[in-house]
Amino acid sequence: MGLNNIEIPTNEYAAWLVNLKQRVRSAQARAIQSVNSEIIELYWQIGNEILERQLRQGWGAKVIDRLSKDLLEEFPGMKGFSPRNLKYMRTFADIWREESFVQTVSAQISWSHNCSIIDKIQTQQEREWYSRAALKNGWTLSVLIHQIENRLIDRQGATINNFSAIMPESKATVAIAMLKDPYVFDFLTLTETAKERDLENALIEHLSKFMMELGKGFAYMGRQYHLKVGEKDRYLDLLFYNARLHCYFNIDLKIGEFEPEFAGKMYYYLQAIDAQLKDERDDPSIGLILCKSKDRLEVELSLPKSGNPMAVAEYKLLPPAIASVMPSPEQLDALKDTLNNDLERLAALSAPEEKIIDDKKSLPGLKL
Numbered sequence: 002m003g004l005n006n007i008e009i010p011t012n013e014y015a016a017w018l019v020n021l022k023q024r025v026r027s028a029q030a031r032a033i034q035s036v037n038s039e040i041i042e043l044y045w046q047i048g049n050e051i052l053e054r055q056l057r058q059g060w061g062a063k064v065i066d067r068l069s070k071d072l073l074e075e076f077p078g079m080k081g082f083s084p085r086n087l088k089y090m091r092t093f094a095d096i097w098r099e100e101s102f103v104q105t106v107s108a109q110i111s112w113s114h115n116c117s118i119i120d121k122i123q124t125q126q127e128r129e130w131y132s133r134a135a136l137k138n139g140w141t142l143s144v145l146i147h148q149i150e151n152r153l154i155d156r157q158g159a160t161i162n163n164f165s166a167i168m169p170e171s172k173a174t175v176a177i178a179m180l181k182d183p184y185v186f187d188f189l190t191l192t193e194t195a196k197e198r199d200l201e202n203a204l205i206e207h208l209s210k211f212m213m214e215l216g217k218g219f220a221y222m223g224r225q226y227h228l229k230v231g232e233k234d235r236y237l238d239l240l241f242y243n244a245r246l247h248c249y250f251n252i253d254l255k256i257g258e259f260e261p262e263f264a265g266k267m268y269y270y271l272q273a274i275d276a277q278l279k280d281e282r283d284d285p286s287i288g289l290i291l292c293k294s295k296d297r298l299e300v301e302l303s304l305p306k307s308g309n310p311m312a313v314a315e316y317k318l319l320p321p322a323i324a325s326v327m328p329s330p331e332q333l334d335a336l337k338d339t340l341n342n343d344l345e346r347l348a349a350l351s352a353p354e355e356k357i358i359d360d361k362k363s364l365p366g367l368k369l
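Just so you know, the working numbering puts the end of the sequence shown at 369, numbered straight through with nothing missing.
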């Protein structure tokens, strides 16, 4: 039988094709990362050489303008050699004196990430922390800026919890590092009279931003998740599954200050989740109580020393003075419609008038 006559198995070919596509994409990603790393290491070397010549040989600031002009003449298509970017290279090299850190961390994130870290962070310890966090979590530039501006370094791992008393040490360390206190919901515009259901609705309306604030590894399972416990119907505010911790993760929302009975209610919910949803591969479910305020001692006395892991954290919204002047989603939609209509009218006014052309008179050389 000739090769051309062999029938290709559809399922086998489809699986092979999917595998090949994944390998091509992985190779492309590695190639892009390799180019990025090479460029950032080059930028560090250029910055270091500028720094050395200025400090040791007394070259003035004008060397940057001259170098920019000469490099752009030689490489006109490369925007990275502007005077501004060369100054960033100098600062980059001045901040990171150890090339090994540049190779293993800084060169693995984008140049824009590095420039934002230079601009927004003043201490070396925090620069290193955010650089490593951006690399570890795969943050986009906008996420990095958000985390810097909202002081993630101070919030991460700050919850009051019972993890160390209940979980194995290695898992407790991971779980503690994943959580924050406070959680910043600056994308919400709730009023002082808002109720818990209003908070829940608002978080679901902004689910992608809420998930970004929660962090990596969370899969959304549902809101008001129904459980049948005996003859009673129970509803969980927000249920997630965490792929990194391999467990269900229940969030209970409270619009006011923490009360000790909240911990008892959470324990009950976690026991019900483990009884009905957890399988043998899952670890015990974790509970997070999010409240507007808390007393640390009261929380510590309320959390159980056995059973399910629990944590308590506060959340922060936009200040009322700002929230009161923020437009509602409906107002934003109306404004967008108005702007679109205005743009369409402007486009119509600025469009050239169409002229009716008599083909035979206007184009005498054209035979029809």
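Quick reminder that beta carbons are idealized off the backbone N, C-alpha and C, glycines included.
At what residues does the beta strand (DSSP E) containing residue i begin and finish?
i	result
M222	F219 to V230
V300	V300 -> not in any beta strand (DSSP E); alpha helix (DSSP H) instead, spanning R297 to S303.
L204	No beta strand (DSSP E) holds L204; the alpha helix (DSSP H) holding it covers E197 to E206.
D253	C248 to L254
K317	M311 to L318
G308	Segment: none, G308 is in no beta strand (DSSP E) and carries neither H nor E.
G288	I287 to C292
F381	Outside the shown range of the chain (2 to 369) lies residue 381, about which nothing can therefore be said.
Taking 9 Å as the cut-off, decide whether the C-beta atoms of residue i and residue j are in contact.
i	j	result
A273	R235	yes
D253	Y270	yes
F93	Y131	no
T160	A314	yes
L239	K172	no
K181	L153	yes
K295	F259	yes
K317	Y184	yes
I40	G81	yes
L319	L200	no
N243	F219	yes
S378	L72	This structure gives no information on residue 378, because the portion of the chain shown stretches from 2 to 369.
Q104	E53	no
L237	G223	yes
L215	F241	yes
K121	I146	yes
F1	F211	What is shown of the chain runs 2 to 369, which leaves residue 1 out entirely.
D280	M168	no
L291	K255	yes
S286	L278	yes
From what residue to what residue does the alpha helix (DSSP H) around residue i run?
i	result
M90	P84 to I96
I154	L153 to R156
G61	Where G61 is concerned, there is no enclosing alpha helix (DSSP H), given that its DSSP letter is neither H nor E.
L240	Where L240 is concerned, there is no enclosing alpha helix (DSSP H), although the beta strand (DSSP E) it sits in stretches over K233 to N243.
E127	Q125 to N138
L278	Taken as a continuous stretch (DSSP letters only), L278 belongs to no alpha helix (DSSP H), as it is neither H nor E.
V106	It is not in any alpha helix (DSSP H) - V106 carries neither H nor E in the DSSP assignment.
L142	L142 to E150
I118	W112 to K121
F164	F164 to I167
S171	E170 to M179
Here's the rule: buried if 16 or more other CB atoms are within 10 angstroms of the residue's CB, otherwise exposed. What is residue i?
i	result
I51	buried
F76	exposed
A15	exposed
P261	exposed
G257	exposed
L347	exposed
Q123	exposed
R198	exposed
Q148	buried
W377	As shown, the chain starts at 2 and ends at 369. That puts residue 377 outside it, with no answer to give.
L342	Here the sequence assigns Asn to residue 342, which means Leu is not the residue at that position. The residue in question, N342, is exposed, as its Cβ has fewer than 16 Cβ neighbours within 10 Å.
V1	In the structure as shown, the chain starts at 2 and stops at 369, and residue 1 therefore has no counterpart that could be examined.
V300	buried
R24	exposed
Q101	Checking the displayed sequence, the identity of residue 101 turns out to be Ser instead of Gln. Classification for S101: exposed.
A30	exposed
A176	buried
N12	exposed
Kindly list the residues whose CB is nearer than 8 Å to the CB of residue i, restricted to its own chain and excluding five residues on each side of it in sequence; keep chain order.
i	result
Y268	G288, P305, G308, N309 and M311
I65	I51, P84, L87, K88 and R91
Q34	Q109
Excluding sequence positions up to five away, which residues of its chain have a Cβ less than 7 Å from the Cβ of residue i?
i	result
S38	A108 and Q109
V106	S132, R133 and L136
S113	L142
Q157	A178 and K181
N163	L304, P305, K306, P310 and M311
P365	Any reading at P365 is ruled out, since the residue's pLDDT is 43, under 50, leaving its predicted position unreliable.
For residue i, which residues of its own chain have a beta-carbon under 6 Å away from its beta-carbon, when the five flanking residues on both sides are left out?
i	result
W140	none
A324	A caution first: A324 carries a pLDDT of 48, below 50, which makes its placement in the model unreliable, though a value can still be read off. So the qualifying residues of the chain are T190.
Taking Cβ positions only, does residue i come closer than 9 Å to chain D?
i	result
H247	Here there is only one protein chain, and chain D is not present.
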